[in-house]
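Peer 1: In this note's numbering, each residue's number is its place in the sequence shown (first place is 1) plus 74. Where a beta carbon is used, it is the ideal one built from N, C-alpha and C, also for glycine.
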Amino acid sequence: RVVDKGLISSTQLECVALAARRFRRRLPGGARAGFLLGDGTGCGKGRCIAALIIDQWNRGARRHIWVSATADLYSDAIRDLSDLGAQ
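This is the structure:
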């Protein structure tokens, strides 16, 4: 649905699916596995992060931290979350 509406690309959706799968995995010490998204500038990392936060929220995870390099990316984060239906 989100790809058909043009909210995220199929590549971004694949990134969200791979990250969500990693988050379900537990490491030997009991910690949750992580996911590193290292795409270049303009690839839509913010949109991927927003979609992943919404996915994890819908799965019951209620705490999320979004860390950005600069404060001006805050409005982009809010836009991405809003565009994907977060309230």
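Report the rounded CA-to-CA distance for Ala107 versus Thr115, giving the unit in angstroms.
Peer 2: Those two C-alpha atoms are separated by around 25 Å.
Peer 1: Could you tell me the distance, in whole angstroms, from the CA atom of Val76 to the CA atom of Gly103?
Peer 2: Spanning the two alpha carbons is a distance of roughly 36 Å.
Peer 1: Of all the options Gly120, Cys89, Gly134, which has the alpha carbon lying nearest to the alpha carbon of Phe109?
Peer 2: Residue Cys89 is the option with its Cα nearest to Phe109.
Peer 1: In terms of residue numbering, what span does the alpha helix (DSSP H) encompassing Cys89 cover?
Peer 2: Here the alpha helix (DSSP H) through Cys89 covers 84-97.
Peer 1: With DSSP run on the structure shown, which of helix, strand or coil describes Phe137?
Peer 2: Rather than Phe, the amino acid found at residue 137 in this sequence is Arg. Arg137: coil per DSSP, three-state reduction.
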